[in-house]
Ligand SMILES: Nc1ncnc2c1ncn2[C@@H]1O[C@H](COP(=O)(O)OP(=O)(O)O)[C@@H](O)[C@H]1O
Ligand SMILES: [Mg+2]
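Numbering (this note's numbering), first residue to last: 15 to 237.
See the structure below:
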């Protein structure tokens, strides 16, 4: 599903090149559950954003479902993203002007799901995440943990084949965090959803069947 070959990304400041990622090689098959770990600043978010086609790179090749991402036009990339990917952002990225309900509904609008069906799907996920009572509130009226739950609900609502989650439980309490991890496990095992998560928690990382360790923009080891 995902094939990263010799991927490097850098920034140049004052003529000096600083690598954000250096020669990253990674193949991920459909149905895998992967955890990415590493110290702050090691390139985890950069790597996840590249995998999610939200960010480019300077060297190497990236094949996503056999499509050469680096050669695709923006429109085609964005179609692939909408078709396959649910992204849980580290900083939530909710739309301030939309309510909780409308934020979660957005991916279904992109997929042209009918109104009645949309209402049923959103109602179901609000219920599952126990945020029915928050549906008419705006993101600024929610706690960090509640915003994170909305961000996760939005990523899952379109039943993506690939979930990319950047520290998805960083702002949740331990019970909520465990519920999200159990939900990921269920989606992976029962529905065959491919999951790539960034986490600082050993316990959450253990849900993955492969754990990739990043250090200074390189893959240091895999276990
Ligand atoms: N667009 C950018 N411009 C400059 N530096 C960046 C940019 N994006 C990331 N960085 C830097 O690259 C490094 C890796 O960032 P990031 O991928 O966010 O790390 P992590 O998610 O592992 O904490 C950090 O030192 C960060 O400050
Ligand atoms: Mg990060």
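Virtual Cβ for every residue (Gly too), placed ideally from N, Cα, C. A quick note: this is a predicted structure, and the numbers were derived from the prediction, not measured.
Near ligand 1: residue i beta-carbon under 7 Å from a heavy atom
{"i": "residue 184", "result": "no"}
{"i": "residue 170", "result": "no"}
{"i": "residue 64", "result": "no"}
{"i": "residue 29", "result": "no"}
{"i": "residue 25", "result": "yes"}
{"i": "residue 126", "result": "no"}
{"i": "residue 45", "result": "no"}
{"i": "residue 54", "result": "yes"}
Beta-bridge partners of residue i, as assigned by DSSP
{"i": "residue 51", "result": "227"}
{"i": "residue 42", "result": "16"}
{"i": "residue 180", "result": "212"}
{"i": "residue 129", "result": "DSSP, once it has assigned bridges, lists no residue as partnering residue 129."}
{"i": "residue 82", "result": "77"}
{"i": "residue 120", "result": "Its beta-bridge partners do not exist; DSSP assigns none."}
beta-carbon residue i near ligand 2 non-hydrogen atom, thresh 7 Å
{"i": "residue 215", "result": "no"}
{"i": "residue 58", "result": "yes"}
{"i": "residue 162", "result": "no"}
{"i": "residue 212", "result": "yes"}
{"i": "residue 190", "result": "no"}
{"i": "residue 69", "result": "no"}
Secondary structure of residue i, DSSP reduced to three states
{"i": "residue 173", "result": "coil"}
{"i": "residue 152", "result": "coil"}
{"i": "residue 221", "result": "coil"}
{"i": "residue 22", "result": "strand"}
{"i": "residue 191", "result": "helix"}
{"i": "residue 237", "result": "coil"}
{"i": "residue 110", "result": "coil"}
{"i": "residue 72", "result": "coil"}
{"i": "residue 57", "result": "coil"}
Same chain, Cβ closer than 7 Å to residue i, five either side skipped, listed in chain order
{"i": "residue 172", "result": "100, 121, 122 and 125"}
Chain D within 8 Å of residue i, Cβ atoms only
{"i": "residue 42", "result": "Looking at the structure shown, chain D is missing, and only one protein chain is on hand."}
Cutoff 6 Å; reference residue i; Cβ partners in own chain excluding five residues on either side
{"i": "residue 227", "result": "51, 52, 234 and 235"}
{"i": "residue 102", "result": "165, 166, 169, 179 and 182"}
Own chain partners of residue i with C-beta closer than 8 Å, once the 5 adjacent residues on each side are dropped
{"i": "residue 150", "result": "113, 114 and 115"}
{"i": "residue 117", "result": "108, 109, 153, 164 and 168"}
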